[in-house]
């Protein structure tokens, strides 16, 4: 293929197609034959390596990524993949060295630096990971994944003001804003800014934290004195997803208990027990 980008996309498509095949050995054999037919293509070896890693064959993955780098030594994706293969094989030091050397050779390559930062994060080197994410943000101020990671790291290190700054910067990018609103609300709730926190939770419209955000918003509504509205919010959630009914009834019961409405809480629990007698969480 004359256009390198076309070659990349073709092999990515082939890899994705074969990776969905439940017969891993068949998929590897097909990719192996294709790679033999294009033995001078670094992208072919790279695709074969990715498929092998997906199939839990780390040794074959290493062999093929080495072949890709022998043909194209500066292939960034291959350097990242080889580090991942070494990590999979349990050689963390070599994986780290691979990425550090690659970053030193290509200091402006954000993908390499992100890979290094994530490896350091996986190894609980929070200071090292933070330094790499900061370098990325300095180079590309609106990098959403780096901003998000820095926000989480700041929260983990009990630096709420720094975390807030990163999450607000993340919102400005227009990406991962639902995650950012969720964590901003968590920070505000911890500071006792309940109105602001509730508003933040209500702005989480999708994503992994959507349900927890809605439950927290309802709980804060109750704490702010509007129990009827809080219960209505939980009822709306139960209508939206009936499979969550028991969990949401338990939240509602807890809200009533905390508000001193013990009789109503007990009535609610009794109703849940009648509807789901085998549920041991009640």
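Residue numbers (our numbering): 1118 to 1399.
C-beta atoms are modelled at their ideal positions from N, C-alpha and C, and glycine is treated no differently.
Among the options, the one whose alpha carbon lies nearest that of residue i
i            : options                   : result
residue 1137 : 1244, 1172, 1166 and 1157 : 1172
residue 1212 : 1197, 1340 and 1225       : 1197
residue 1251 : 1148, 1307 and 1227       : 1227
residue 1145 : 1132, 1311, 1155 and 1336 : 1132
residue 1069 : 1231, 1189, 1214 and 1179 : Examination of residue 1069 is not possible in this model, given that the chain is present from 1118 through 1399 alone.
residue 1360 : 1377, 1380 and 1392       : 1392
residue 1336 : 1376, 1199 and 1256       : 1376
residue 1354 : 1209, 1341, 1343 and 1369 : 1369
Residue i - containing alpha helix (DSSP H), residue span
i            : result
residue 1389 : 1379-1392
residue 1198 : 1193-1205
residue 1171 : 1159-1171
residue 1299 : 1294-1307
residue 1370 : 1362-1375
residue 1146 : 1141-1154
residue 1254 : 1243-1256
residue 1350 : 1344-1357
residue 1190 : No alpha helix (DSSP H) contains residue 1190, which DSSP labels as neither H nor E.
residue 1329 : 1327-1340
Whole-angstrom C-beta distance between residue j and residue i, which should lie under 8 Å
i            : j            : result
residue 1334 : residue 1315 : 5 Å
residue 1271 : residue 1279 : 4 Å
residue 1233 : residue 1220 : 6 Å
residue 1166 : residue 1181 : 4 Å
residue 1307 : residue 1313 : Rounded, the Cβ-Cβ distance is 12 Å, inconsistent with contact.
CB contact flag (residue i, residue j, <8 Å)
i            : j            : result
residue 1253 : residue 1223 : no
residue 1351 : residue 1365 : yes
residue 1195 : residue 1163 : yes
residue 1300 : residue 1259 : no
residue 1321 : residue 1295 : yes
residue 1230 : residue 1261 : no
residue 1225 : residue 1189 : no
Cutoff 8 Å: residue i Cβ touching any chain B Cβ
i            : result
residue 1328 : Among the protein chains of the structure shown there is no chain B, as only one such chain exists.
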